[in-house]
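The block underneath contains the structure these notes are about, expressed in structure tokens.
This is how it looks when you write it as structure tokens:
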């Protein structure tokens, strides 16, 4: 499955009720209104969607939208994520 920014934004707005006005690449999930429990639910949903259950990468509320998308892209290609590298 191709990492689709629009589908991810739709997941945030429809499932987690994030306001489109709160969504930006440099906003953390917490800044968009997701607490640690919601971030854990998002993590599980995305693991299921990307069949990435063996991955050690963990999506947390402290991650920015850009970081989450970087993780998804690595899952898509079967790689582990180096978040320092993903931010570049």
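Residue numbers (this note's numbering): 415 to 502. We treat Cβ as the ideally placed atom computed from N, Cα and C, and that holds for glycine.
Residue i - DSSP class collapsed to helix/strand/coil
i	result
residue 442	strand
residue 478	strand
residue 433	coil
residue 451	helix
residue 428	helix
residue 457	helix
residue 418	coil
Residue i classed as buried or exposed, judged by whether at least 16 other C-beta atoms fall within 10 angstroms
i	result
residue 457	buried
residue 429	exposed
residue 497	For residue 497, the predicted structure reports a pLDDT of 49, less than 50, and the residue's modelled location is therefore unreliable. A value from the coordinates is still provided. Flag for residue 497 reads exposed.
residue 449	exposed
residue 435	exposed
residue 471	buried
residue 481	buried
Residue i versus residue j: straight-line alpha-carbon distance, rounded
i	j	result
residue 444	residue 476	6 Å
residue 423	residue 437	8 Å
residue 483	residue 491	13 Å
Residue i vs residue j beta-carbon contact at 9 Å
i	j	result
residue 460	residue 466	yes
residue 474	residue 441	no
Below-9 Å beta-carbon distance, residue i vs any chain C residue
i	result
residue 445	Of the chains in the structure shown, none is chain C; there is only one protein chain.
Residue i beta carbon near the ligand HEM (any heavy atom closer than 8 Å)
i	result
residue 489	For the ligand HEM, the structure offers nothing, since it holds no ligand at all.
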